[in-house]
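For what it's worth, my numbering labels the leading residue of the sequence shown as 1339, then goes sequentially.
We treat Cβ as the ideally placed atom computed from N, Cα and C, and that holds for glycine.
The structure presented is a predicted model; accordingly, all values stated were derived computationally and were not measured.
Worksheet: the structure to be examined is printed underneath.
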Amino acid sequence: MKKDDENLELDALIAEKVMNLTPCSSWKEIYGGWLAGECWMHEGEPHDDCFNVEAPPKFSTEMSRTWEVVEKINENDEVRERFIELLPDKKDFFDKNKADASTIICRVALEAVKK
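Below, the structure is given as structure tokens:
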């Protein structure tokens, strides 16, 4: 599996399992010109707290989104404690995981919310 596919799968899992968002396929890709890049628009009646299954928020690759995950984890004392326990030691943080900080944090968050 390619890294982009792995991150897409991880982002979707984070959106659903950690952020408690609902998967939604009512999104249409649109283009707003060469400066806009990839854009999505929700079709039909918007849902509360849904995410685009084809392009979930980039929790595992964009640190600003990763902090949203940390904030969500921090809302539940039990999950926060598990999250802290599961974090690798600082000396092993990057070496053993072969990933950047956002990806590692998201992997740990996903484990922390498992019951």
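- Item | Residue from Pro1361, Ile1368, Glu1400, Asn1412 with nearest C-alpha to Val1391 | It is Pro1361.
- Task: Classify Asn1440 as buried or exposed, calling it buried when 16 or more other Cβ atoms lie within 10 Å of its own Cβ.
- Result: Contrary to the premise, residue 1440 reads as Ser rather than Asn in this sequence. Of the residues assessed, Ser1440 falls on the buried side of the cut-off, its CB having 16 or more other CB atoms within 10 angstroms.
- Are Val1407 and Phe1421 closer than 7 Å when you measure CB to CB? At least 7 Å separates the beta-carbon of Val1407 from that of Phe1421.
- What number of angstroms, rounded off, separates the C-alpha of Val1451 from the C-alpha of Asp1342? Roughly 23 Å separates the two Cα atoms.
- Message: Can you look up Glu1367 in the DSSP assignment and give me helix, strand or coil?
- Response: For Glu1367, the three-state secondary structure derived from DSSP is strand.
- Give every residue of the same chain whose Cβ lies closer than 6 Å to the Cβ of Ser1363, excluding the five residues on either side of it in the sequence, and list them in chain order. Val1391, listed in sequence order.
- Item | Inside the stretch 1389 to 1438 only - alpha helix (DSSP H) runs reaching at least 4 residues | Secondary structure in the stretch 1389 to 1438: the alpha helix (DSSP H) runs of 4 residues or longer, each lying completely within the stretch, are 1401 to 1412, 1415 to 1424 in chain order.
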